[in-house]
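Just so you know, the sequences run in chain order A and B.
With the working numbering, you'll find the first sequence wraps up at 216, consecutive numbering, no jumps.
With the working numbering, you'll find the second sequence wraps up at 216, consecutive numbering, no jumps.
Protein chains: 2
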Amino acid sequence: MKKQLDLSLYLVLDPVLCGGIEGMVRTTDLAVKNGVTAVQLRSEHSLNRKQWYEAGLALKQLLSSTSVPLFINDQVDVALAVDADGVHVGQSDLPVDVVRRLIGADKFLGLSVSNLAELNNVPWNLVDYLGIGPVFPTTSKTNAAPALGVAGLQTLVAQKCCPAVAIGGINSSNLAPVVQTGVEGVAVVSAICGQVDIAQVTKQLMTQISGAK
Amino acid sequence: MKKQLDLSLYLVLDPVLCGGIEGMVRTTDLAVKNGVTAVQLRSEHSLNRKQWYEAGLALKQLLSSTSVPLFINDQVDVALAVDADGVHVGQSDLPVDVVRRLIGADKFLGLSVSNLAELNNVPWNLVDYLGIGPVFPTTSKTNAAPALGVAGLQTLVAQKCCPAVAIGGINSSNLAPVVQTGVEGVAVVSAICGQVDIAQVTKQLMTQISGAK
């Protein structure tokens, strides 16, 4: 059954920061129990495709009894193989129309945009949500576009036509003005992955999001 | 319609050696006109997924009017997206049973094996052919297993239960003893990709294969 899409606090897993597949599962378990509303598996080069599949299976099993959807970044075949709830792609990945054809109508599809030109090219009827960013400089993605800043984010949010999550260098110290641009939620990587007390930092982020809205 | 599987001379395309997507298309065109019987798109890190897709589409279009099948390495979603004739996976990729489920019964599925243990684990009923190697040391794959040598290849060929293509450092100077092990064909990368006269080297390889059989 298709889950609800709640973008409030969207966790993007990094296998290096989390400590491998087991670390990602442990992080996800704690984060979901403390408020995370969506989870994405992402890895630049640290997982081979067999490990992507194994990580996806483990996360799918963990999340299957929850209302939290699992997204797979880029690798549509891994998403199909583990029956994930959705796929998230960027501008250098398979085109959105091709992805929608491969995954069908019942899966979520998210797309990253980094500027107004990309936003104006989004095929709205095929996409469920946008990832807009990077808002701030980020260290967890090597090929990120230049940071938008809160003002740049605000400009894109004003033009958007579907739900959006802000991403890129967001943590508890800079979250409030990001939420106040009107995005449906924020995506975090290092604000949760690799933190000593996952439960506590997740609760704090959720409290700040609620307070800022 | 499903094409015939003729492994005699199997070209594995390298976008760096060939000079990008246009170079791969040009190389394939000349190679197929001069005897190559199967083509695989492979790239370690030089293509992003959008480029994989664009390369796959261009090769699919070129080969659609020929009897030569197009294989996509590893990226099952790209294979599905461009309706390739088959997929080739290694031991670190999506498991063979998962790949077969994703591509269905009508596509070819090839699997790389590098030793007897891997050969003994092959699910024969799911695989159309094996890639056995590397026979000789290779410079076109960074994570290759130790070279088998002709004697090591011979040992594996004696145990195989489906058609096989030998791969790894094979060129016109060392091809004859490889063919004489009883493989159905040889796969080459740098023996064709990046060569000045693609037509001439392809013809020479085909003549040598016929002579050695």
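From the three backbone atoms N, C-alpha and C, an ideal C-beta is built for every residue, glycine too.
Note that the coordinates shown come from a computational prediction; the quantities given were computed from them, not determined experimentally.
Proximal chain A residues relative to residue i, where beta-carbon distance stays under 8 Å
| i | result |
| --- | --- |
| Pro98(B) | Lys53 and Tyr56 |
Start-to-end residues for the alpha helix (DSSP H) that takes in residue i
| i | result |
| --- | --- |
| Gln7(A) | Note, Gln7(A): premise wrong, no alpha helix (DSSP H); not H, not E. |
| Ala58(A) | Arg52 to Leu66 |
| Ala179(B) | Leu178 to Val182 |
| Val1(B) | With chain B running from 4 to 216 in the structure shown, residue 1(B) is simply not present. |
Helix, strand or coil at residue i according to DSSP, with G and I counted as helix
| i | result |
| --- | --- |
| Ser115(A) | strand |
| Gln43(A) | strand |
| Leu133(A) | strand |
| Ile1(A) | The requested residue 1(A) is not part of the displayed model; chain A covers only 4 to 216. |
| Ala161(B) | helix |
| Leu151(B) | coil |
| Ala167(A) | strand |
| Val35(B) | helix |
| Ala194(B) | coil |
| Gly23(A) | helix |
| Val99(A) | helix |
| Val189(A) | strand |
| Val199(B) | coil |
| Gly15(A) | It is Val, not Gly, that sits at residue 15(A) in the sequence shown. Strand, per DSSP. |
| Ser213(B) | helix |
| Val204(B) | helix |
| Asn128(B) | helix |
| Ala108(B) | coil |
| Asn123(A) | helix |
| Thr142(B) | coil |
| Thr69(A) | coil |
Assigned exposure category for residue i - 16 Cβ within 10 Å defines buried
| i | result |
| --- | --- |
| Lys144(B) | buried |
| Trp127(A) | exposed |
| Glu187(A) | buried |
| Asp109(B) | exposed |
| Cys164(A) | exposed |
| His91(A) | buried |
| Val199(B) | exposed |
| Thr142(B) | exposed |
| Ala84(A) | buried |
| Gln183(B) | exposed |
| Met27(A) | buried |
| Leu73(A) | buried |
| Ala82(B) | buried |
| Asn124(A) | exposed |
| Pro149(A) | exposed |
| Leu151(B) | buried |
| Asn37(A) | buried |
Residue range of the beta strand (DSSP E) that includes residue i
| i | result |
| --- | --- |
| Leu73(B) | Leu73 to Asn76 |
| Gly89(A) | Gly89 to Val92 |
Amino acids of chain A, ordered along the chain, whose beta-carbon sits closer than 7 Å to that of residue i
| i | result |
| --- | --- |
| Leu105(B) | Asp80, Leu83 and Ala84 |
Under 8 Å by beta carbon: chain B residues contacting residue i
| i | result |
| --- | --- |
| Asp109(A) | Those within 8 Å of Asp109(A) in chain B number zero; the least Cβ separation is about 17 Å. |
| Val101(A) | Tyr56 and Ala84 |
Neighbouring residues, chain B, relative to residue i (Cβ below 9 Å)
| i | result |
| --- | --- |
| Ser95(A) | Asn51, Arg52, Lys53 and Gln54 |
Per-residue contacts from residue i into chain B (C-beta, under 7 Å)
| i | result |
| --- | --- |
| Asp88(A) | In chain order: nothing, as chain B lies at least about 17 Å away. |
Short CB-CB distance (under 8 Å) between residue i and chain E
| i | result |
| --- | --- |
| Pro140(A) | Here the protein chains are A and B, and chain E is not one of them. |
Closer than 7 Å: residue i CB and nearest the ligand GDP heavy atom
| i | result |
| --- | --- |
| Lys5(A) | This structure simply doesn't include the ligand GDP, nor any ligand for that matter. |
Members of the segment 125 to 151 of chain A near chain B, C-beta cut-off 7 Å = none
Going along the chain, which residues of the segment 58 to 78 of chain B sit with their C-beta nearer than 9 Å to a C-beta in chain A?
-> Asp77 and Gln78
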